Amino acid sequence: MLTTDDFPTLAPLQRLVDSWISATGKGYFSPLTNMAILAEETGEVARIMARRHGDQVAKPSDTGASLADELVDVIWVAAAIANQEGIDLTEALRLNFDKKTRRDAGRFGLPAKTDTETLTTKNL
Ligand SMILES: [Mg+2]
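No gaps in the numbering here: position 39 of the sequence shown is 922 in the working numbering, and each next residue is one more.
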């Protein structure tokens, strides 16, 4: 069974994004603009995945695109939206894991794993 101690705090991420937006970005974009940016960044992830694993062929302009960087763009703008909406992502993460654990218990034909002891950076 997962406990609160099993979850990383995302508060430093939320504070870092907030500090950057305040200091460098000079303020938050409107929530709808950030929603559009989230869709844009998700599309950039999709573009890379389509060319890497799908039937699309990369164009010369696709050279240098970084999946890692685009995934962080998604996380970054999601944190900004969470900040604007007053969402504690640490608590939201815990609740999300609880939801998935309950919903998917037995879904894949194996006993549901209820701890993170087997999770490492190698098998994540
Ligand atoms: Mg991007």
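Heads up, the beta-carbon is just placed ideally off N, CA and C, and yes, glycines get one too. Computed from a predicted structure; not experimentally measured.
Alpha helix (DSSP H) segment containing residue i, residue limits
i, result
"A941", "Per DSSP, A941 belongs to no alpha helix (DSSP H) and is neither H nor E."
"A962", "950-968"
"S902", "894-906"
"A988", "No alpha helix (DSSP H) contains A988, which DSSP labels as neither H nor E."
Cβ distance (whole Å) where residue i is taken to contact residue j below 8 Å
i, j, result
"L972", "A962", "7 Å"
"T887", "R977", "6 Å"
Through-space distance from residue j to residue i, alpha-carbon basis
i, j, result
"K937", "T925", "For the sequence presented, residue 937 should be read as Gly rather than Lys. Those two C-alpha atoms are separated by around 16 Å."
"G969", "K982", "21 Å"
"L921", "W959", "9 Å"
"D889", "R930", "33 Å"
"A948", "A919", "20 Å"
"M932", "L950", "8 Å"
"E923", "T892", "27 Å"
"D987", "F980", "10 Å"
"G989", "A975", "23 Å"
"P895", "L885", "22 Å"
"F991", "G908", "44 Å"
"Q1046", "P943", "The question about residue 1046 has no answer here: the residues shown for the chain are numbered 884 through 1007."
"L899", "Q939", "36 Å"
"D945", "V957", "18 Å"
Neighbourhood of residue i by C-beta distance below 8 Å, restricted to the same chain and skipping five residues each side
i, result
"Q967", "Y911, P914, N917"
Close beta carbons around residue i, own chain, < 7 Å, minus the five adjacent residues each side
i, result
"I904", "G910, Y911, A963"
"D901", "N966"
"A906", "none"
Residues of its chain near residue i, where Cβ-Cβ distance is below 6 Å and the 5 sequence neighbours each way are ignored
i, result
"E927", "E953"
"A941", "R934"
Strictly closer than 7 Å from CB to any heavy atom of ligand 1: give me those residues in the order they appear in the chain.
E924, E927, D952, E953, D956
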